[in-house]
Structure formats: C-alpha cells, structure tokens
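One structure is given here, and the rest of the page talks about it.
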Amino acid sequence: MNSRITPAEAALLMPFTSGEPLEAQRIRAIVAEARRARDAALAARLRAGFRGLRALMTALRQRRETIAQLRALSDRELADIGLNRAGIAGAAAAATPLPANDAQDGRRAA
C-alpha cells in the first residue's frame, strides 16, 4: 500500500481558495475598500463644488436683476431711497452678497 497522497486527493482535502494566498486576498479587499472610500469622498467634494457654483450663479443673477431694477428708476426715485446712479452697483452688491467659501465642510484654517 502506498501512503502518498495524490494531487487530486490533496485538492479535495484543502479548503477551496482562488489560488491566491489569504494575505493577498486581504490586501486586495483593503485596496478595494480604500478605492470605494476615495471615490465616495471625491463624489461628495464634486457635489459640494457644484452646489457652491450654483449658489454663486444664483447670487450673480440676483445681483444683475437688482442692478437692472435700480437702473430703471429715475434719479428722483433713486434719491428718495438714498442712492445715486454711481452707487447702484455698490447697493446691489450689499443687497446680494456672494456666498463665502471659508466655512465649507466645517473645516477651519490652521
């Protein structure tokens, strides 16, 4: 009787793996999770950037509308509200401030 195990019998006795060492499988899983986290963070940053861009575009549109409405007034109507033609742009800027970028995501300067 031969006490040697054939390769086919050895394959039946060993747990099934993909042919890759267990440590390599763990590393592959860690790398995949890191990539998913990176992609999620990048997507969140892109969404925040587009939200900021949309807020900026809305503020600029409102500012243009305010300037147009003030320019449509006569000099007497402007004087009644305490403005002159030279102060229209400043009044529109004060009425519709642009969104700030310094408090995004709760981060603070060091």
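Every letter in the sequence shown is one number past the one before it in numbering that gives the first Met the number 0, and letter 51, counting from 1, is 50. All residues carry an ideal CB built from backbone N, CA and C; glycine is no exception.
Practice item. To the nearest angstrom, report how far apart residue 95 and residue 44 are at their CA atoms. Key: Sequence index remark: in the sequence shown, residue 95 carries index 96 (1-based). Sequence index remark: in the sequence shown, residue 44 carries index 45 (1-based). When rounded, the distance between both Cα atoms is 25 angstroms.
Exercise for review: With DSSP collapsed to three states, give me the class of residue 95.
Suggested key: Reading the sequence shown from its first residue, position 96 is the one you call residue 95. Residue 95: coil per DSSP, three-state reduction.
Exercise for review: Could you work out which residue in 79, 98 and 37 is closest to residue 60 when comparing CA atoms only?
Suggested key: Numbered from 1 along the sequence shown, position 61 holds the residue referred to as residue 60. Among 79, 98 and 37, the Cα nearest to that of residue 60 is on 98.
Point to revise | Distance, residue 12 Cα to residue 3 Cα | key: Along the sequence shown, one-based indexing puts residue 3 at 4. Along the sequence shown, one-based indexing puts residue 12 at 13. Distance between the alpha carbons of residue 3 and residue 12 is about 13 angstroms.
Check your understanding: Measuring CA to CA, which of 69, 73, 76 and 21 is closest to residue 90?
Key -> Taking the sequence shown and counting its residues from 1, the one referred to as residue 90 is at position 91. The shortest C-alpha separation from residue 90 is found at 69.
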